[in-house]
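S.K.: Just dropping this structure here.
4 protein chains.
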Amino acid sequence: MPTPPINLHDYEALAEQRMLPAAWDYFATGTDDELTLRANREAFARIQLRPRVLVDVSHCDTRTTVLGIPVSMPILVAPTAMHRYAHPEGECATARGVGAAGTLMTVSTESACSLEEIAAAATGPLWFQLYVFDRANAESLVRRAEDAGYRALVLTVDSARWGSKQRAARSEAEAPQFRAGNFAEGADFPAVSLTWDALAWLKGITRLPVLLKGILTAEDAALAVQHGADGLIVSNHGGRQLDAVPASIEALPAVAEAVAGRVEVYVDGGIRRGTDVLKALALGARAVLVGRPVLWGLAVAGEAGARDMLELLRAELELALALAGRPTLASIDRSLVKLP
Amino acid sequence: MPTPPINLHDYEALAEQRMLPAAWDYFATGTDDELTLRANREAFARIQLRPRVLVDVSHCDTRTTVLGIPVSMPILVAPTAMHRYAHPEGECATARGVGAAGTLMTVSTESACSLEEIAAAATGPLWFQLYVFDRANAESLVRRAEDAGYRALVLTVDSARWGSKQRAARSEAEAPQFRAGNFAEGADFPAVSLTWDALAWLKGITRLPVLLKGILTAEDAALAVQHGADGLIVSNHGGRQLDAVPASIEALPAVAEAVAGRVEVYVDGGIRRGTDVLKALALGARAVLVGRPVLWGLAVAGEAGARDMLELLRAELELALALAGRPTLASIDRSLVKLP
Amino acid sequence: MPTPPINLHDYEALAEQRMLPAAWDYFATGTDDELTLRANREAFARIQLRPRVLVDVSHCDTRTTVLGIPVSMPILVAPTAMHRYAHPEGECATARGVGAAGTLMTVSTESACSLEEIAAAATGPLWFQLYVFDRANAESLVRRAEDAGYRALVLTVDSARWGSKQRAARSEAEAPQFRAGNFAEGADFPAVSLTWDALAWLKGITRLPVLLKGILTAEDAALAVQHGADGLIVSNHGGRQLDAVPASIEALPAVAEAVAGRVEVYVDGGIRRGTDVLKALALGARAVLVGRPVLWGLAVAGEAGARDMLELLRAELELALALAGRPTLASIDRSLVKLP
Amino acid sequence: MPTPPINLHDYEALAEQRMLPAAWDYFATGTDDELTLRANREAFARIQLRPRVLVDVSHCDTRTTVLGIPVSMPILVAPTAMHRYAHPEGECATARGVGAAGTLMTVSTESACSLEEIAAAATGPLWFQLYVFDRANAESLVRRAEDAGYRALVLTVDSARWGSKQRAARSEAEAPQFRAGNFAEGADFPAVSLTWDALAWLKGITRLPVLLKGILTAEDAALAVQHGADGLIVSNHGGRQLDAVPASIEALPAVAEAVAGRVEVYVDGGIRRGTDVLKALALGARAVLVGRPVLWGLAVAGEAGARDMLELLRAELELALALAGRPTLASIDRSLVKLP
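Residue numbers (this note's numbering), protein chains in the order written: chain A, 22 to 361; chain B, 22 to 361; chain C, 22 to 361; chain D, 22 to 361.
And the structure:
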């Protein structure tokens with residue numbers, strides 16, 4: 022195991038050593054046979070890059086904007102629950118690390134710290150991921166997020182039920198229990214079946230832009246734009262909801278095509294290398310989100326680990342831009358990749 | 022190994038511990054190099070699901086009918102021989118467990134209990150799987166099945182000879198010997214070459230609907246409908262007859278297309294997850310049948326094991342319906358799957 | 022390891038135990054990285070069978086003719102060198118075993134017993150495989166083969182040089198040395214570059230039919246027919262000549278199509294199961310030839326082993342015919358297989 | 022491990038035993054996840070050869086010319102840095118070995134011996150690989166190379182930054198340090214972003230032909246010809262620059278098609294067998310270059326090892342020509358290969 026870590030795989034290996042086994046399993050698990058969990062990685066390995074040469078890449082720039090918000094890299098932090106399983110300071114440490122890396126964090130409804138604590142600690146922009154357990158509760162969370170300065174809402178749409186995380190189920194007994202930061206003690210988290218009405222309702226009670234997270238088909242992408250979504254995140258929930266769905270990177274091209282630039286499209290799931298980011302951008306993503314690697318960074322070195330993990334990934338992306346002959350994000354297009 | 026089992030793989034692992042090695046091999050074996058046995062599983066893993074979101078899935082309903090018979094789930098029990106190798110109470114325990122799960126059992130001609138004993142024990146509907154060793158013998162079985170209240174006949178058409186089960190052959194010496202419940206002691210079970218005439222004959226001596234089990238091609242599916250079959254089961258006999266034939270799930274789409282809704286089409290072979298059931302339904306099956314997992318449940322916990330295994334699978338299917346955005350079986354269509 | 026062997030894999034495992042390591046390596050080796058050696062097996066596993074049902078298969082018949090010669094099965098014995106490495110009685114034992122199985126043996130120029138000894142021992146028809154080291158020598162062999170009653174000549178056309186058998190090269194030092202039966206002591210076996218003239222010359226000095234062994238392309242198949250070849254054997258020399266060429270079963274369809282029935286087409290390479298034979302026949306072969314399995318049978322039990330191995334394979338083929346719904350070889354057609 | 026080595030894999034295994042681990046890692050490493058490093062080998066294994074028979078191959082000739090320079094084989098030596106990591110005599114030993122094998126060596130800017138020392142030692146033609154760290158420095162290298170008799174310049178165009186060689190990074194601490202032979206002590210090697218102007222500039226200051234090394238797309242191949250390149254080397258830098266790019270043999274056909282014979286096209290990356298060379302020539306390469314195998318030969322036996330490795334490869338190619346029915350390099354065409 023390397024010290025210090027030089028890539029995200031190193032962070033993964035170190036984090037597995039540091040975390041309690043139950044916490045590790047809680048984050049690492051996929052659902053059922055973990056077909057989709059594995060597919061998220063394997064699909065990236067089958068996509069090839071077509072590098073161009075003798076382009077001036079003396080200055081490569083990874084900066085971009087997401088929904089108009091400037092960030093240092095097209096790499097955001099995906100919402101994940103209960104960061105205290107990874108580090109005692111939980112999402113507060115994460116938010117400081119992410120801000121130090123110059124990018125944006127999406128805070129989970131199920132964070133261990135409260136959304137206000139996280140906003141107070143944060144040094145960069147935040148989005149708030151919303152589960153609508155019931156509308157009153159959700160409206161209260163939306164108000165709190167607005168008041169705390171969150172910049173957008175990310176409505177998760179793939180969780181009408183909780184997927185069956187069978188690896189985690191086997192070690193659950195030993196897991197530490199933390200209270201969810203946004204709720205009273207003993208609150209529970211029922212999965213709720215939402216419909217397109219929920220989007221209309223949410224748009225009606227907030228001026229924040231609303232992204233939908235968990236879109237995997239062109240059909241739903243078209244409906245989402247039609248119903249007023251301000252952005253889409255192509256996601257299979259890290260392989261933690263319906264098993265046997267495509268890798269998110271496999272689903273991205275059709276979604277991007279259906280959206281046709283009308284709103285921004287993001288993708289999460291399986292991104293571990295700067296070249297993975299490059300592939301996602303070439304296939305139509307405005308930016309990517311990383312989930313588990315943030316927790317690995319956090320487990321290894323708290324705020325500094327989260328920041329360092331993101332900076333490693335940004336440096337890999339910058340190097341990849343140079344070696345691919347694409348000095349700016351705007352110069353990336355579909356011709357950069359060859360699909361299998 | 023988990024206690025209690027949380028999925029069918031757990032049942033498999035526990036059953037292997039509990040069964041006599043020779044009994045295990047008897048059920049587990051495929052023929053020759055077991056290409057088809059493995060293909061049955063591998064083919065499912067290559068089929069992807071395309072989930073839809075923001076559909077109202079607050080109530081998902083797995084109930085359906087098969088040949089007009091109401092069942093709690095589109096998951097039936099395939100005919101398998103000699104359940105006493107798995108549990109002393111044999112098919113009587115199975116029938117009680119299957120009925121308790123609200124679904125239908127297909128009893129094998131080669132059951133260890135007699136078809137009348139099974140019918141007496143059963144708490145749900147039964148079909149009778151028929152081998153025609155000779156017509157007199159078969160007619161007698163048909164009459165007995167009719168008298169005992171069986172609701173359909175399942176004529177196996179892929180067994181003109183017995184396949185060469187070479188793994189089982191190696192451990193046969195140690196296997197316990199049970200008498201076949203439907204026959205006098207010492208009866209033997211010659212494989213017999215049937216022709217389409219056999220279907221006409223069978224239709225002529227019974228008013229029960231007749232399904233053909235073992236169809237793998239569109240050509241035979243068309244002939245079957247033309248010759249009056251009331252339903253088809255796409256099956257490769259669990260990889261126990263001709264080796265090197267397609268996985269049954271691979272063969273299903275062409276069969277379903279050839280049948281074009283004129284009769285109900287079923288499929289068995291390799292179903293271990295609720296998402297597998299979903300894939301089969303999307304590719305044209307009215308329901309699926311499970312074989313070996315029933316024996317695993319039986320070996321682990323008798324009647325309760327058979328029931329629990331089916332209920333686990335039904336719960337997985339219900340969860341999959343919700344996460345796929347398909348609250349009813351009627352809402353499932355071909356667009357739900359992506360073939361490799 | 023089973024006793025007695027129940028399939029060709031068992032013979033392989035037993036033979037490896039029985040043979041001297043150097044003899045085993047001599048027969049088992051392929052050339053270079055053994056890509057083609059492995060491909061010969063892997064390609065069969067990717068071809069699927071499409072079985073038909075409810076066909077009268079009460080009598081299945083594996084008998085056929087090859088160049089008009091009746092044989093008990095469409096499974097012949099390929100030429101392989103130096104059978105004394107496998108058994109002290111060498112090709113004489115093989116010939117008795119093959120004849121007892123009712124089929125035909127192709128004797129190698131490099132046999133350990135002389136062609137006359139083999140003919141005297143043989144109880145079935147023989148073909149003679151010819152290497153043309155020089156024309157005088159070859160003409161002498163042809164005369165001797167004619168006089169001894171051989172029924173056809175098999176001219177090997179893929180051996181302008183000897184392939185580099187690197188696995189064998191590493192253990193050569195320990196190999197027993199037998200004199201080649203057809204030559205004076207100390208004779209050597211130069212690989213010789215032949216041209217289409219060689220076929221014309223050979224046809225000019227004999228009335229025996231001449232088959233070409235080692236054709237892998239449609240182009241050469243067409244030329245062979247045009248130059249008067251009486252039959253073709255699609256072969257990559259068991260993966261022992263040019264590495265990285267296709268599996269012979271992969272090369273068969275294009276050759277059969279180019280030949281269009283004008284002469285008989287055979288195939289060898291990787292056949293281990295009755296279903297493999299069925300695949301080859303469906304793809305256009307009149308019969309198949311098996312090489313290494315004959316040596317395994319010979320090593321395990323001499324004449325009886327060679328016979329038993331062939332009879333196992335014939336029984337597998339007969340079973341496969343029945344289960345595929347193809348009671349006669351004439352009923353096999355292209356629709357029986359699905360290529361990857 | 023064989024003594025003596027009989028193929029390049031043997032050289033690899035022996036070299037790993039002989040080299041210091043840090044030196045081994047320095048040469049063996051690819052970048053990031055080594056996807057491209059592995060792809061370079063795996064892609065060759067998927068390409069099949071289509072051998073022709075009964076062609077006169079009694080004399081096979083591997084001689085050819087590269088940019089008009091006669092060489093004994095279409096196998097040249099790729100530029101690799103710091104041969105003293107492999108052998109104390111460094112590139113001087115390599116150059117003698119390569120010359121003894123009758124072929125051409127490309128000397129790296131980052132050689133351990135100076136380009137003049139290498140030229141003095143060399144017994145065959147040399148090309149000089151050029152990194153343009155700055156134009157003054159590069160012009161000085163060009164002059165020195167011209168003066169020392171180098172026959173062409175190979176401008177590397179895939180190295181605007183140095184790729185991240187993470188396997189090597191982990192063992193760097195222990196690596197021996199040699200001074201780069203062409204520079205004053207303490208010189209460093211900044212990666213520099215070049216543009217097409219660099220080619221124009223270089224063509225303007227030398228009469229030597231200029232090849233571009235590192236082209237992977239048809240688009241850049243067309244631009245290269247348009248900007249006056251005298252030849253192209255399809256290369257992914259041995260998997261040491263941008264990871265996830267295609268195997269160089271995968272990229273070759275499109276490049277060769279775009280160039281359409283206007284200049285010579287070469288390829289390096291993953292060539293370990295004579296059949297690999299044959300595949301590359303059939304797909305449009307004038308010759309191939311080998312990198313790591315030269316270092317293996319050097320590590321195992323210095324000058325003699327480099328020569329022997331090349332002669333093994335030449336002999337394999339000659340054998341492959343004969344077995345493929347292609348006695349001359351001119352007789353090789355696209356019909357010799359089947360792509361996956």
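By construction, the Cβ of each residue, glycine as well, lies at the ideal position given by its N, Cα and C atoms.
With a cut-off of 7 Å, does the C-beta of D/A345 fall near any C-beta of chain C?
M.R.: Judged by the 7 Å Cβ criterion, D/A345 is in contact with chain C.
S.K.: How is D/A351 classed by DSSP in three states: helix, strand or coil?
M.R.: Helix, per DSSP.
S.K.: For A/D77, go through chain D and note every residue whose CB falls closer than 8 Å to its CB, in chain order.
M.R.: Going along chain D in sequence order, the residues near A/D77 (Cβ under 8 Å) are S214, T216.
S.K.: Secondary structure at C/E112, three-state DSSP: helix, strand or coil?
M.R.: Here C/E112 sits in helix by DSSP.
S.K.: For the stretch 55-129 of chain A, list the beta strand (DSSP E) runs that are entirely contained and at least 3 residues long, ordered along the chain.
M.R.: If we require 3 residues or more, the beta strand (DSSP E) runs fully inside the stretch 55-129 of chain A come out as 85-87, 90-92, 96-98, 126-128.
S.K.: Does the beta-carbon distance from D/A232 to D/V321 come in below 7 Å?
M.R.: Reading the sequence as shown, one finds Leu at residue 232 of chain D and not Ala. It is not a contact, given that the beta carbons lie outside the stated cut-off.
S.K.: Would you grab the beta carbon distance between D/F210 and D/E131 for me? Rounded to a whole angstrom, and I think it's under 8 Å.
M.R.: Indeed they touch by this definition, with Cβ atoms about 6 Å apart.
S.K.: Is C/G235 close to chain D? Criterion is C-beta to C-beta, closer than 7 Å.
M.R.: So yes, C/G235 belongs to the interface.
S.K.: Does the distance from the C-beta atom of B/A239 to that of B/A265 stay below 7 Å?
M.R.: In this structure, B/A265 does not lie closer than 7 Å to B/A239 by Cβ.
S.K.: Would you decide whether A/S129 is buried or exposed? Buried here means 16 or more other CB atoms lie within 10 Å of its CB.
M.R.: Classification for A/S129: buried.
S.K.: Note down, in chain order, each residue of its chain lying with its Cβ closer than 8 Å to the Cβ of C/R200, except the 5 sequence neighbours on either side.
M.R.: These residues qualify, in order along the chain: A133, E206.
S.K.: So, using beta-carbon positions, are A/G249 and A/V178 closer together than 7 Å?
M.R.: Contact flag unset, no.
S.K.: Just checking: is the beta-carbon of A/M22 within a distance shorter than 7 Å of some beta-carbon in chain D?
M.R.: Because the pLDDT of A/M22 is 46, which lies under 50, any placement of that residue in the model is unreliable, and the question is left without a value.
S.K.: Beta-carbon of D/D264 versus every beta-carbon of chain A: anything under 7 Å?
M.R.: Judged by the 7 Å Cβ criterion, D/D264 is in contact with chain A.
S.K.: Return yes when the Cβ of D/L237 is within less than 7 Å of the Cβ of D/A181, no when it is not.
M.R.: Going by C-beta atoms, D/A181 is not nearer than 7 Å to D/L237.
S.K.: Count the CB pairs spanning the stretch 275-286 of chain B and the stretch 96-104 of chain B that are closer than 8 Å, and state whether there are at least three.
M.R.: Judged by Cβ distances under 8 Å, the stretch 275-286 of chain B makes no contact with the stretch 96-104 of chain B, as fewer than three pairs qualify.
S.K.: Between A/G123 and A/R328, what straight-line distance do the alpha-carbon atoms span, to the nearest angstrom?
M.R.: About 9 Å.
S.K.: Where B/D289 and C/G89 are concerned, what is the direct C-alpha to C-alpha distance, given to the nearest angstrom?
M.R.: Approximately 45 Å, taken between the alpha carbons.
S.K.: Quick one: does C/Q247 have its CB under 7 Å from some CB of chain D?
M.R.: False, the Cβ-Cβ gap to chain D never drops below 7 Å.
S.K.: For C/R165 and C/F204, I'd like the C-alpha separation in whole angstroms.
M.R.: Those two C-alpha atoms are separated by around 12 Å.
S.K.: Can you name the residues of chain C whose CB is closer than 9 Å to the CB of B/T238?
M.R.: Chain C residues near B/T238: R71, P72, R73, V74, S356.
S.K.: Please identify the residue among C/A221, C/G259, C/L310, C/P72 whose C-alpha is closest to the C-alpha of C/D53.
M.R.: Of the listed residues, the one whose Cα sits closest to C/D53 is C/G259.
S.K.: For B/M22, count neighbouring C-beta atoms within 10 Å of its own C-beta (all shown protein chains included) and say buried if the count is 16 or more, exposed if not.
M.R.: The predicted model places B/M22 with a pLDDT of 46, which falls under 50 and marks its position as unreliable; any figure quoted below should be read in that light. With fewer than 16 other Cβ atoms within 10 Å, it is exposed.
S.K.: Strictly under 7 Å for the Cβ-Cβ distance: is C/L360 near chain D by that measure?
M.R.: No, no contact with chain D.
S.K.: Are the C-beta of C/T296 and some C-beta of chain B separated by less than 7 Å?
M.R.: So yes, C/T296 belongs to the interface.
S.K.: For A/Q69, which residues of its own chain have a beta-carbon under 6 Å away from its beta-carbon, when the five flanking residues on both sides are left out?
M.R.: Counting only Cβ-Cβ distances below 6 Å, and skipping sequence neighbours, we find K359.
S.K.: Check each candidate in C/L338, C/L357, C/S135 and name the one with the smallest Cα separation from C/V309.
M.R.: Per the Cα distances, C/L338.
S.K.: Can you check whether the CB of A/E110 is closer than 7 Å to the CB of A/I139?
M.R.: Going by C-beta atoms, A/I139 is not nearer than 7 Å to A/E110.
S.K.: In terms of DSSP beta bridges, what is A/V303 paired with?
M.R.: According to the sequence as given, residue 303 of chain A is Ala; it is not Val. Answer is none; A/A303 lacks a bridge partner.
S.K.: Of the residues A/R156, A/V163, A/T216, which one's Cα is nearest the Cα of B/G346?
M.R.: The shortest C-alpha separation from B/G346 is found at A/T216.
S.K.: Taking contact to mean at least 3 C-beta pairs separated by less than 8 Å, is the stretch 214-229 of chain D in contact with the stretch 74-86 of chain A?
M.R.: Flag = yes, the stretch 214-229 of chain D and the stretch 74-86 of chain A touch.
S.K.: Return the CA-CA distance between A/A351 and A/K300, expressed in angstroms with no decimal places.
M.R.: Answer to the nearest angstrom: the Cα atoms are 14 Å apart.
S.K.: Identify every run of the beta strand (DSSP E) within the stretch 232-291 of chain A, keeping only runs that are complete inside it and at least 3 residues long; order them along the chain.
M.R.: Fully enclosed beta strand (DSSP E) runs of 3 or longer: 252-255, 285-289.
S.K.: How far does the alpha helix (DSSP H) with C/Q187 in it reach, from first residue to last?
M.R.: C/Q187 -> alpha helix (DSSP H) spans 187-192.
S.K.: Just checking my contact of C/M330 with C/G318 at CB under 8 Å: how many whole Å lie between their CB atoms?
M.R.: About 3 Å separates the two Cβ atoms, so the contact holds.
S.K.: For D/L357, tell me which candidate among D/A303, D/F65, D/L147, D/D297 has the shortest Cα-Cα distance.
M.R.: Nearest of D/A303, D/F65, D/L147, D/D297 to D/L357, Cα basis: D/A303.
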